[in-house]
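Participant: Pasting a structure here, questions to come.
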Amino acid sequence: MKIFNTLSAKKEEFLPPGAEVKMYNCGVTPYDQSHLGHAMNSVIFDAVRRYLIYRGYKVKYVQNITDVEDKIIDRANRLGIKPRELAEKFANEYFDDMTALNVLKPDVIPYATEEIPTMLQVIKGLVDKGHAYEAKGSVYFRIRSMPDYGKLSHNTLDSMMAGSRVEVGEDKEHPLDFTLWKAAKPGEPAWDSPWGKGRPGWHIECTAMSIKYLGDTIDIHSGGQDLIFPHHENEIAQSECYTGKKPFVKYWMHNGLFQQSGEKMSKSLGNFQTIKQVLQKHSSDGFRLFLLSAYYRSPSTYSEDAMEAAEKGAERLSQAAHSTKSGSGKKLDAAITRQKFIEYMDDDFGTSQAIAALFDLAREINRSSESGMDIGEAQQTLKELSGVLGLTLKEPLTKVGDAAPFIELLISTRKLLREAKQFQLADEVRNKLVELGVTLEDSAQGTAWKFKR
């Protein structure tokens, strides 16, 4: 089994030290609804986690929530609520989205504000060892104390210096020194520390959480390619200087970025579609197929045409998995499909080729059922391997007419709730219909509905 390691910039044989794989994935900063870039990261590394489990490993999966950060503070202040209240609202919505996408829940979900004692311990250790210094109540990492800084992004200190400068109000020794602890500012949440009131910098939280919950060294650290520098580069510097152990991470995995009109999809650019918006029109299986049908390190661009194609693909797999035309003749052998699936996934999680193997099996199931072959075992294999990719292959709904009166009743109930300004309850009705495969389209003429499949 091989994984492309960003640190070495090549595929390496996957050799964890034991049966348990320690995996850390950088989580969200919840100041708005989650978008398709978040879905891409979560679905890709959910598939990685599921496959490792399928191959017999026990996986301990940690994913953090950054619930104190400039964007959270700024938006909460504009809304007149506490930053923690804003962060909890959108963190909960994020996990609701993940459930809808059939993403396994992390084993540990540490929130930054609940882990500040551990962060202070790490920062103090770095100061004591000379890797960090205090200046006017803030603490900075001393970049020149890390001789191999830049090894993850494959940059030298000199090349990274281009365009760098010390911002007004900062007292850094070097322009690339980064913040471990920020001195308190008016209107911002703050905690006590040996250097005065303040709050943690962004990078330190992942170091503190990964060390606390996974130990000084971990097997896989994942995230988007936009996190390679400076976030993950700084994680390495902090962690290895604090523990004295190398490597901090054995395999660094980074997914490509989700793009809209050639730009990275992000909240700050305002060019994002939310996960909820897509799942109102498409099934989770269709969405996962869309996300996993390309190499995970490549960029992905959303289009309705591509999503419709993925949706139809999900329907084909589901129909093959639930066909009732199994005969009593010769059994259809799916061993070759299983072998190919493992071969493709063992090669740096080649989900696109693995999916192609599933479609080949679905086609064979359909052909064999028409000729009276026993397809039962092959169908079980199709369901099993699809499950490794997080596909549910729910049985297609066949009696739409029977359900129509009940759907119309729920739509009428939702309309009454909206008129009574009970928007949360109205949204719950809509979400439940979406879970059942019913999409709603509101317009000036009323609400139309259809089954996703």
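Counting in numbering that gives the first Met the number 0, the sequence shown runs from 0 upward without gaps. Backbone N, C-alpha and C fix where the C-beta goes; we use that ideal spot for every residue, glycine too.
1. Give the single residue among A320, E427, Q352, A333 whose Cα lies nearest to the Cα of T391.
2. May I ask you to report which of helix, strand or coil DSSP gives A353?
3. According to DSSP, which residues form a beta bridge with A447?
4. Can you look up S33 in the DSSP assignment and give me helix, strand or coil?
5. Quick one: complete beta strand (DSSP E) runs, 3+ long, within the segment 35-108?
6. Starting from W180, follow its DSSP beta bridges and name the residues at the other end.
7. Does the beta-carbon distance from D215 to T242 come in below 9 Å?
8. What distance in whole Å lies between the Cβ atoms of K196 and A183, which are believed to be in contact at a cut-off of 8 Å?
9. In angstroms, rounded to a whole number, what distance separates the CA positions of E434 and K280?
10. Classify E458 as helix, strand or coil using the three-state DSSP reduction.
11. In terms of residue numbering, what span does the alpha helix (DSSP H) encompassing E234 cover?
12. Among residues of its own chain, excluding the 5 on either side of K70, which ones have a beta-carbon nearer than 7 Å to its beta-carbon?
13. Report the residue from K393, S297, F286 whose alpha carbon sits nearest the alpha carbon of E307.
14. Going along the chain, which residues of its own chain have a beta-carbon closer than 6 Å to the beta-carbon of K453, five neighbours each way excluded?
15. Taking the continuous alpha helix (DSSP H) assigned at Q533, which residues delimit it?
16. What residues are listed by DSSP as bridge partners for K1?
17. With C-beta atoms as the reference, is Y132 less than 9 Å away from Y139?
18. If you drop the 5 nearest sequence neighbours on each side, which residues of the same chain put their C-beta closer than 6 Å to that of Y53?
19. Please report the straight-line C-alpha distance between A8 and D426, rounded to a whole angstrom.
20. Name the DSSP bridge partner or partners of M22?
21. Relative to the C-alpha of F340, which candidate in F358, K324, T323 has its C-alpha closest?
22. DSSP three-state call for K398: helix, strand or coil?
23. Buried or exposed, going by whether 16 or more other CB atoms sit within 10 Å of the CB of R519?
24. Cutting at 7 Å between CB atoms, please list the residues of its own chain near F89, excluding the five before and the five after it.
25. Using only the alpha-carbon positions, how far apart do G349 and R337 sit?
26. Tell me whether Y148 sits in a helix, a strand or coil according to DSSP, three-state version.
27. In chain order, what residues of the same chain lie with their CB nearer than 6 Å to the CB of T300, ignoring the 5 residues before and after it?
28. Starting from S299, follow its DSSP beta bridges and name the residues at the other end.
29. Applying the 10 Å Cβ sphere with the 16-neighbour rule, what's the burial state of T117?
30. Can you tell me which of the three DSSP states D460 falls into?
31. According to DSSP, which residues form a beta bridge with V27?
Facilitator: So, from the data block:
1. The sequence position of residue 391 within the sequence shown is 392, counting from 1. Measuring from the Cα of T391, the nearest candidate turns out to be A320.
2. For the purposes of this step, residue 353 is taken as residue 354 along the sequence shown, with counting starting at 1. Three-state DSSP puts A353 in a helix.
3. Numbered from 1 along the sequence shown, position 448 holds the residue referred to as residue 447. Looking at the DSSP assignment, A447 forms a beta bridge with E440.
4. The sequence position of residue 33 within the sequence shown is 34, counting from 1. The three-state reading of DSSP puts S33 in coil, since its state is none of H, G, I, E or B.
5. As far as the segment 35-108 is concerned, its whole beta strand (DSSP E) runs of at least 3 residues are 57-62.
6. Numbered from 1 along the sequence shown, position 181 holds the residue referred to as residue 180. DSSP, once it has assigned bridges, lists V138, P199 as partnering W180.
7. For this step, residue 215 is matched to residue 216 along the sequence shown. For this step, residue 242 is matched to residue 243 along the sequence shown. Remark: C-beta atoms of D215 and T242 approach each other more closely than 9 Å.
8. Within the sequence shown, residue 183 is the residue found at index 184, counting from 1. Within the sequence shown, residue 196 is the residue found at index 197, counting from 1. Rounded, the Cβ-Cβ distance is 4 Å, consistent with contact.
9. Walking along the sequence shown from the start, residue 434 turns up at place 435. Walking along the sequence shown from the start, residue 280 turns up at place 281. Each residue's alpha carbon lies about 11 Å from the other.
10. Outside the displayed span of the chain (0 to 452) sits residue 458, for which this structure offers no information.
11. Within the sequence shown, residue 234 is the residue found at index 235, counting from 1. First-last of the alpha helix (DSSP H) with E234: 232-242.
12. Along the sequence shown, read from residue 1 onward, the residue named residue 70 stands at position 71. Closer than 7 Å at Cβ, skipping near neighbours: T28, Y30.
13. Position 308 of the sequence shown, counted from the first residue, corresponds to residue 307. The shortest Cα separation from E307 among K393, S297, F286 belongs to F286.
14. Here the chain comprises residues numbered 0 to 452, so residue 453 is not present and cannot be evaluated.
15. Beyond the ends of the chain as shown, which are 0 and 452, falls residue 533; an answer cannot be given.
16. Position 2 of the sequence shown, counted from the first residue, corresponds to residue 1. Bridge partners of K1: E12, D346.
17. For the purposes of this step, residue 132 is taken as the residue at position 133 of the sequence shown. For the purposes of this step, residue 139 is taken as the residue at position 140 of the sequence shown. Yes, these two residues count as a Cβ contact at 9 Å.
18. Position 54 of the sequence shown, counted from the start, is the residue given in the question as residue 53. Cβ within range, chain order: V387.
19. As a working mapping, residue 8 is identified with position 9 in the sequence shown. As a working mapping, residue 426 is identified with position 427 in the sequence shown. Using only the alpha carbons, I get a separation of about 46 Å.
20. Residue numbering aside, residue 22 sits at position 23 when the sequence shown is read from its first letter. Y60, I219, per the DSSP bridge assignment.
21. Taking the first residue of the sequence shown as position 1, residue 340 is located at position 341. If we check each option's Cα against that of F340, F358 comes out closest.
22. Here residue 398 corresponds to residue number 399 of the sequence shown, with the count starting at 1. Any reading at K398 needs caution, since the residue's pLDDT is 45, under 50, leaving its predicted position unreliable; the model's value is listed next. Three-state result, K398: coil.
23. Lying before the first or after the last residue shown, residue 519 is absent from the chain, which here runs from 0 to 452.
24. As a position in the sequence shown, residue 89 is number 90, starting the count at 1. Scanning its chain for C-beta atoms nearer than 7 Å, with the 5 sequence neighbours on each side dropped, one finds around F89 the residues P29, Y30, D31, Q32, in chain order.
25. Position 350 of the sequence shown, counted from the first residue, corresponds to residue 349. Position 338 of the sequence shown, counted from the first residue, corresponds to residue 337. G349 and R337: Cα-Cα distance of roughly 14 Å.
26. One-based indexing of the sequence shown puts residue 148 at position 149. Correct three-state label for Y148: coil.
27. Along the sequence shown, one-based indexing puts residue 300 at 301. Same-chain partners within the cutoff: Q258.
28. As a position in the sequence shown, residue 299 is number 300, starting the count at 1. Looking at the DSSP assignment, S299 forms a beta bridge with F257.
29. As a first step, residue 117 must be located in the sequence shown, where it is residue number 118. By the 10 Å Cβ count, T117 comes out buried.
30. The requested residue 460 does not occur in the structure, where the chain is confined to residues 0 to 452.
31. Residue 27 sits at position 28 when you count from the first residue of the sequence shown. V27 pairs with nothing; no bridge assigned.
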